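> Each protein sequence line maps, in turn, to chains A and B. Counting from 0, one number per residue, gives the positions in the first sequence under numbering that gives the first Met the number 0. Counting from 0, one number per residue, gives the positions in the second sequence under numbering that gives the first Met the number 0. Even for Gly, the Cβ is constructed at its ideal location relative to N, Cα and C. Computed from a predicted structure; not experimentally measured. This is the structure I have questions about; it appears just below.
Protein chains: 2
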Amino acid sequence: MRVLAARPLTREAFAPYGEVIAKAGAEHFDINDGMATRYHDLAPVEAAKEQGRPLINIFEGRPWALPLTIRMLERHNLGSQAFFPLRDCRWLVVVAPAGDFDPAGIEAFVADGAQGVNYRPGTWHHPLVALDGTTDFLVVDRGGPAVDCDEAHLAEDELVRVEA
Amino acid sequence: MRVLAARPLTREAFAPYGEVIAKAGAEHFDINDGMATRYHDLAPVEAAKEQGRPLINIFEGRPWALPLTIRMLERHNLGSQAFFPLRDCRWLVVVAPAGDFDPAGIEAFVADGAQGVNYRPGTWHHPLVALDGTTDFLVVDRGGPAVDCDEAHLAEDELVRVEA
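Here's what the structure looks like:
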């Protein structure tokens, strides 16, 4: 089984898959007479295709154990999907490039509690993986009449073990 | 000066102004083979008018002292604006009904760290008020070519003092 060491999440490494939502390194400016700082436009929400509309949700994610064997990734072609942890908790981001699914392209990142991600439409990604206990995430994604979830299941000889 | 006691934030009391974003009392179902629970569609994002698009931002809010004298509310006519605290912190929500601004209509609510709000387009609201120290909030609002912020300033004899 291929063993994959999860790397720290950075904007540069995640750029092929979407955006890292974080204050560090982001454009910002003061508002409200200096009582707040706006870290502006950290991620676009894509939700309009095929009568879609953006939704705000909370996902309560139960913790996964490491090492984690990756057996399935999913993608949403019609909309982006953003996750941000609501407490200071590490979590795991496992992705593969959009297009035809290739298990050899799987990458894994460890996010910290000050980092969210926004998956671009079509990015293959693992379901939510909290690491340090049950954690709520704010999730911004697409609602609409069409079902928009493809799953890619890995064969036994394609499985990937992620260590962090 | 009128003195206003801030009430605990509830869905029912906030309904004229928008949505409370919280797990308590919300529709939910398990996903990801039981590893997560989705509290679904807690608030709509309205951002499409006049070439608008939804944005995800982080606001770093500095704390205000109580009692707070309300001198100004603002509104966004073209889009909703959602706030969710990224740590367990109380914060203050001060609103007035949409339409012609009426200082007599101002209401105040204390939100806890498990509650966000989504201001409906046109709802008058005070700028972000963190109470328990500097706190980051995830903010989902509208970007677009038009400036979309009206301010209503209270005259000296209209000022409201909020206590919590």
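Just to confirm my understanding: we take L151(B), look at its own chain, exclude 5 residues before and 5 after, and list those with CB closer than 6 angstroms. What are they?
Here residue 151(B) refers to the residue found at position 152 when the second sequence is read from its first residue. Correcting the residue type first, residue 151(B) is Ala in the shown sequence and not Leu. Counting only Cβ-Cβ distances below 6 angstroms, and skipping sequence neighbours, we find L72, F100.
> Relative to the C-alpha of H62(B), which candidate in D29(B), A113(B), C88(B), A107(B) has its C-alpha closest?
Counting from 1 along the second sequence, the entry for residue 62(B) is found at position 63. Note on identity: in this sequence residue 62(B) is Pro, with His being the wrong assignment. Checking every option, the nearest Cα to that of P62(B) belongs to C88(B).
> Counting along the chain, where does the beta strand (DSSP E) carrying E26(B) start and finish?
Position 27 of the second sequence, counted from the first residue, corresponds to residue 26(B). First-last for E26(B): undefined, no H or E at that position.
> Is the beta carbon of I20(B) less than 8 angstroms from the beta carbon of V116(B)?
Translated into positions along the second sequence, residue 20(B) becomes position 21. Translated into positions along the second sequence, residue 116(B) becomes position 117. Yes, Cβ-Cβ distance for I20(B) and V116(B) is below 8 angstroms.
> Return the residues of the segment 78-99 of chain B that lie within a Cβ-Cβ distance of less than 9 angstroms from chain A, sorted by chain order.
A81, F83, P84, L85, R86, D87
> At the level of alpha carbons, what is the spacing between Q50(A) and H39(B)?
Counted from its first residue, the first sequence places residue 50(A) at position 51. Counted from its first residue, the second sequence places residue 39(B) at position 40. Rounded to whole angstroms, Q50(A) to H39(B) spans 18 angstroms at the Cα level.
> For F108(B) versus L8(B), is the C-beta distance shorter than 8 angstroms?
The residue given as residue 108(B) occupies position 109 in the second sequence. The residue given as residue 8(B) occupies position 9 in the second sequence. The answer is yes: Cβ separation under 8 angstroms.
> Within 8 angstroms of any Cβ in chain A, is that where the Cβ of I105(B) sits?
Counting from one through the second sequence, the residue named residue 105(B) turns up at place 106. No, I105(B) does not count as interfacial toward chain A.
> Determine the extent of the alpha helix (DSSP H) in which E11(A) is found, giving its start and end residues.
Indexing the first sequence from 1 puts residue 11(A) at position 12. 10-13 is the span of the alpha helix (DSSP H), which, as asked, contains E11(A).
> May I ask you to report which of helix, strand or coil DSSP gives D40(A)?
Stepping through the first sequence from its first residue, residue 40(A) is reached at position 41. Looking at D40(A) - three-state DSSP - the assignment turns out to be strand.
> For F28(A), go through chain B and note every residue whose CB falls closer than 8 angstroms to its CB, in chain order.
Here residue 28(A) corresponds to residue number 29 of the first sequence, with the count starting at 1. Chain B residues near F28(A): none, gap ~11 angstroms exceeds 8 angstroms.
> D111(A): which of D32(A), V94(A), W90(A) sits nearest, CA to CA?
To locate residue 111(A), count along the first sequence from 1; it is residue 112. Taking only the C-alpha atoms, the option nearest D111(A) is W90(A).
> Tell me the rounded alpha-carbon separation between F58(B) and A35(A).
Stepping through the second sequence from its first residue, residue 58(B) is reached at position 59. Stepping through the first sequence from its first residue, residue 35(A) is reached at position 36. About 6 angstroms.
> Closer than 8 angstroms by beta-carbon distance: list the chain B residues that pair up with H39(A), in chain order.
Numbered from 1 along the first sequence, position 40 holds the residue referred to as residue 39(A). H39(A) reaches chain B at L54, N56, counting residues in chain order whose Cβ is nearer than 8 angstroms.
> So is T36(B) in contact with chain A if we call contact Cβ pairs under 8 angstroms?
Counted from its first residue, the second sequence places residue 36(B) at position 37. Chain A contact via Cβ: present.
> Along the chain, where does the beta strand (DSSP E) containing D87(A) start, and where does it finish?
As a first step, residue 87(A) must be located in the first sequence, where it is residue number 88. Taken as a continuous stretch (DSSP letters only), D87(A) belongs to no beta strand (DSSP E), as it is neither H nor E.
> Considering I69(A), what are the terminal residues of the beta strand (DSSP E) in which it resides?
The residue labelled residue 69(A) in the question sits at position 70 within the first sequence. 67-69 is the extent of the beta strand (DSSP E) around I69(A).
> DSSP on E150(A), reduced to helix/strand/coil?
Here the question's residue 150(A) lines up with position 151 in the first sequence. Three-state DSSP puts E150(A) in a strand.
> Just to confirm before moving on: does the CB-CB distance between F82(A) and L137(B) stay below 8 angstroms?
Mapped onto the first sequence, residue 82(A) falls at position 83. Mapped onto the second sequence, residue 137(B) falls at position 138. For F82(A) and L137(B), no; Cβs fall outside 8 angstroms.
> Cα-Cα, which of G104(A), Y118(A), P53(A) is closest to Q80(A)?
Numbered from 1 along the first sequence, position 81 holds the residue referred to as residue 80(A). Answer by Cα proximity: Y118(A).
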